[in-house]
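A.B. asks: Below is a structure I'd like to ask you about.
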């Protein structure tokens, strides 16, 4: 009888431990949508766990996670349509309403750049592009974000995968930016960059703030940043491009990365960096995204 009781106890204990371990999430969910990694997970040797993903296999945008970016339509960047020529940033041609620039098939989302066929009768811009962002719907603090994407080639193109502060908790300074991927024109490499008040306003170039990594221009590549409390580690296809460390004593000007960030994925075209669209015949172009995954 004692043997049976002991055996029964072991079975129950094993079940409890299994349930506990399966339910022990590596994050705390704040405000219903912000994944904040727990303190005890801030160790590089800790095993990453997949905590969130979007496979883009619904055939439509999951609006509980994403919104479309629009120069005129998005509350965060709303610009009157008649002033589009004054816009010099990356969102000059982006639209939140045209269905031709955000499309789905075979478990992918296509963020496209096209010649605008309605520039004389509707939207006056000569080109239109598509993009999505997770502001106020999905954000996280610490962990590794990975995006698997394929990029078309064209002069004047500038696809980007990047992150910005969700809360902007430092009102008198730049709250930081992580550029996980930017690619120009027909380049066979991508840029990965860290921006903050330290690099932008104070023009500080140490520690190293950016690097490039080779990509396969004919296939998908996986772009990532691993975000720790004391450093950012950028990689392409698992190969580390560079690390951006927290500098002791430099303060929030250099390290505003102690707050939640949200994700932006967008097709951009024409800017002083990539230059003009020199051959409209190369359009349409697409950034095709297979999935986005967050590990903590």
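Numbering (the numbering used here), first residue to last: 318 to 613.
By construction, the Cβ of each residue, glycine as well, lies at the ideal position given by its N, Cα and C atoms.
Remember, it's a predicted structure, so these values are computed and weren't measured experimentally.
Provide the residue span of the alpha helix (DSSP H) that contains residue 516, from first to last.
C.D. replies: Working through the chain shown from its first residue, we reach residue 516 at position 199. Counted as a single uninterrupted DSSP element, the alpha helix (DSSP H) harbouring residue 516 occupies residues 514 to 517.
A.B. asks: Whose C-beta lies closer than 8 Å to the C-beta of residue 590 among residues of the same chain, with five residues either side of it excluded?
C.D. replies: For this step, residue 590 is matched to residue 273 along the chain shown. The residues are 475 and 501.
A.B. asks: How long is the line joining the alpha carbons of residue 497 and residue 438, rounded to whole angstroms?
C.D. replies: Translated into the one-based positions of the chain shown, residue 497 becomes position 180. Translated into the one-based positions of the chain shown, residue 438 becomes position 121. C-alpha separation (whole angstroms): 37 Å.
A.B. asks: For residue 612, which of helix, strand or coil comes out of DSSP?
C.D. replies: Sequence index remark: in the chain shown, residue 612 carries index 295 (1-based). Residue state, collapsed to three classes: strand.
A.B. asks: What do you get for residue 447, buried or exposed, if any count of 16 or more other CB atoms within 10 angstroms of its CB means buried?
C.D. replies: Within the chain shown, numbered from 1, the residue matching residue 447 stands at position 130. Here residue 447 is buried. Its C-beta has 16 or more other C-beta atoms within 10 Å.
A.B. asks: Straight-line CA distance for residue 402 to residue 581?
C.D. replies: Residue numbering aside, residue 402 sits at position 85 when the chain shown is read from its first letter. Residue numbering aside, residue 581 sits at position 264 when the chain shown is read from its first letter. Spanning the two alpha carbons is a distance of roughly 23 Å.
A.B. asks: Please give me, in chain order, every unbroken run of the beta strand (DSSP E) with length at least 3 that falls completely inside the segment 499 to 549.
C.D. replies: Whole beta strand (DSSP E) segments, 3+ residues: 506 to 512, 527 to 531 and 538 to 545.
A.B. asks: Please return the same chain residues whose Cβ sits closer than 8 Å to the Cβ of residue 483, not counting the five positions on each side in sequence.
C.D. replies: Locating residue 483 in the chain shown gives position 166, counting from the first residue. Once the five neighbours on either side are set aside, the close Cβ partners of residue 483 are 351, 452, 453, 456, 576, 577, 578 and 579.
A.B. asks: Take the Cβ of residue 414 as the centre, count every other Cβ of all protein chains shown within 10 Å, and call the residue buried at 16 or more, exposed below.
C.D. replies: Along the chain shown, read from residue 1 onward, the residue named residue 414 stands at position 97. With fewer than 16 other Cβ atoms within 10 Å, it is exposed.
A.B. asks: Decide if residue 556 is buried, meaning its Cβ has at least 16 other Cβ atoms within 10 Å, or exposed.
C.D. replies: Position 239 of the chain shown holds residue 556. So residue 556 counts as exposed.
A.B. asks: Does the contact criterion of 3 or more C-beta pairs under 8 Å hold for the segment 599 to 612 versus the segment 509 to 529?
C.D. replies: The segment 599 to 612 is not in contact with the segment 509 to 529.
A.B. asks: Which class does residue 467 belong to by DSSP, given the choice of helix, strand or coil?
C.D. replies: Indexing the chain shown from 1 puts residue 467 at position 150. Reduced to three states, the DSSP call for residue 467 is strand.
A.B. asks: If you check the beta carbons only, do residue 511 and residue 561 fall under 8 Å apart?
C.D. replies: As a first step, residue 511 is located in the chain shown; it is residue number 194 there, counting from the start. As a first step, residue 561 is located in the chain shown; it is residue number 244 there, counting from the start. Against a cut-off of 8 Å, the Cβ pair of residue 561 and residue 511 comes out as a contact.
A.B. asks: Check for me: the beta strand (DSSP E) holding residue 560 runs from which residue to which?
C.D. replies: As a first step, residue 560 is located in the chain shown; it is residue number 243 there, counting from the start. DSSP places residue 560 inside the beta strand (DSSP E), whose first and last residues are 556 to 562.
A.B. asks: Excluding the 5 residues preceding and the 5 following residue 369 in the sequence, name in chain order all residues of the same chain whose CB lies nearer than 6 Å to its CB.
C.D. replies: Start at 1 with the first residue of the chain shown, and residue 369 comes out as number 52. The residues are 611.
A.B. asks: I need the DSSP call for residue 598, collapsed to helix, strand or coil.
C.D. replies: Within the chain shown, residue 598 is the residue found at index 281, counting from 1. It is helical.
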